[in-house]
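**Q** One structure is given below, represented as C-alpha cells, and several questions about it will come after.
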Amino acid sequence: MSWTAEIENGLETGIVGRRIKYFSEVESTNSVATGMADAGAAEGTVIIAEMQMQGKGWMGRRWISPKDGIWLSVILRPRMSLAHAYRLTIVAGLAVAKTIRGYGIDAWVKWPNDVIIGGKKVCGVLTEIESETANLRYAIVGIGVDVNVDTQLFPEEIRTGSTSIKAELGHPVDRAKFLQRLFAALEYEYLRVKEDRFQGVLNDWRGMLATVGKRVQINTPIKTIYGEAIGVDSEGSLIVECRGGFLEKVVAGECIHLNRA
Ligand code: BTN
C-alpha cells in the first residue's frame, strides 16, 4: 500500500488530510502549498514530502529535512483577521505536543512554536499567510517533526539541541499512524479556533508551555530581551520580567531557555 493510502485508510478527520499530495522530494512543502492554495486547493489539503531540499525554518533559516521525518504543510482557509493568525501556530504546536504525549513521551511547547523533549527540539512550525486587507485569505501551516530521523547525522551546531521520537522511545514509530493521530489533533484544535473557543486552546497550550518559570533570552528583530518568563497573556504573547521588575510583553521572537530546570 502507498504511504498516502496507508494514511487515508482509517483517517478520522473531516477536513485535515482529506486530500493529500505526496512527493518523494520537494524544495519546500510550504512553497508547494502556497502555489496550490493560490490555484484554489481546498481547505485541509496536506502536502507531504519524504525529503525537502530547501526546507524553510524560522527567521530565514534552513530546515534540515532528511528521510524518516515528517515534513508537511496544511492549507487552511479560516475566516479570520490577520491579528489572530498566530492562533494557527499555537494550534499546530499544541497538536504536535499532544500527539507526541500520546506515545508516553514527556513533550512540551517552547514558546512560541517549538516542541521539545527534555529540553531538545523535536518539531518546528512555520506558518505563512496570505492576506486580503485585514483578513486572512489562506494560511500555510508548515510542520516538521523529527519522527524517525537520526539526529546524530545533523550538523554539530544543531545536533546537541535536537532529538527524535525514535531516539526517545528507542525504536521507530509508524509514520502513517503518527500522521493520522496528528491530523485528528490538528483538526480538533483548529475547530476550537474556528468555533470561537480559542480560550480552551490557549488554556491547554499554557499547560504544556515549558517556557514559563524559565530564565530566557528572546531575540527579536529589534532587540534582545533577558529576564524570567512569568506567563502568557490572552493572546499568547510572552510576559517577561526583566531587571528591576520591568515587564516586557513579547509578541514574537526566538526564545532561548537559559536554565533547563
Ligand atoms: C523552525 O525553524 O522551527 C520552523 C521549521 C518548520 C519546518 C517545516 S518542515 C515542513 C514545512 N516546509 C518547510 O519548508 N518548512 C516547514
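Residue numbering for the sequence shown follows our numbering, beginning at 11 and increasing consecutively.
No residue lacks a Cβ here, since even glycine has one placed at the ideal position from N, Cα and C.
Flag Gln-62 as yes when its Cβ comes closer than 7 Å to any non-hydrogen atom of the ligand BTN, and as no otherwise.
**A** yes
**Q** Rounded to a whole number of angstroms, what is the C-alpha to C-alpha distance between Lys-224 and Met-218?
**A** Between the alpha carbons of Lys-224 and Met-218 lies a distance of about 14 Å.
**Q** Helix, strand or coil, according to DSSP, for Gln-64 in the structure here?
**A** When secondary structure is reduced to three states using DSSP, Gln-64 falls in the coil class, being assigned neither helix nor strand.
**Q** Taking all protein chains shown into account, decide if Cys-252 is buried (16 or more other Cβ within 10 angstroms of its Cβ) or exposed.
**A** Cys-252 is classed as exposed because its beta carbon has fewer than 16 other beta carbons within 10 Å across all chains shown.
**Q** In three-state terms, what does DSSP make of Arg-71?
**A** coil
**Q** Comparing C-alpha positions only, which one of Val-211, Val-222, Leu-192 and Asn-269 sits nearest to Ile-25?
**A** Leu-192
**Q** Less than 7 Å separating the Cβ of Val-203 from some heavy atom of the ligand BTN?
**A** no
**Q** When every heavy atom of the ligand BTN is checked, does at least one fall within less than 7 Å of the C-beta of Lys-161?
**A** The sequence as given places Thr at residue 161; Lys does not occur at that position. Thr-161 Cβ: outside cutoff for every heavy atom of the ligand BTN.
**Q** Per DSSP, what are the beta-bridge partners of Trp-81 in this structure?
**A** DSSP lists Ala-59 and Gly-154 as partners of Trp-81.
**Q** Please report the distance separating the alpha-carbon of Lys-66 from that of Glu-138.
**A** 11 Å
**Q** Taking all protein chains shown into account, do 16 or more other C-beta atoms lie within 10 angstroms of the C-beta of Ser-34, making it buried, or fewer, making it exposed?
**A** exposed
**Q** So for Trp-13, helix, strand or coil by DSSP?
**A** helix
**Q** Check whether the Cβ of Ile-153 sits closer than 7 Å to any heavy atom of the ligand BTN, and report yes or no.
**A** At least one heavy atom of the ligand BTN sits closer than 7 Å to the Cβ of Ile-153.
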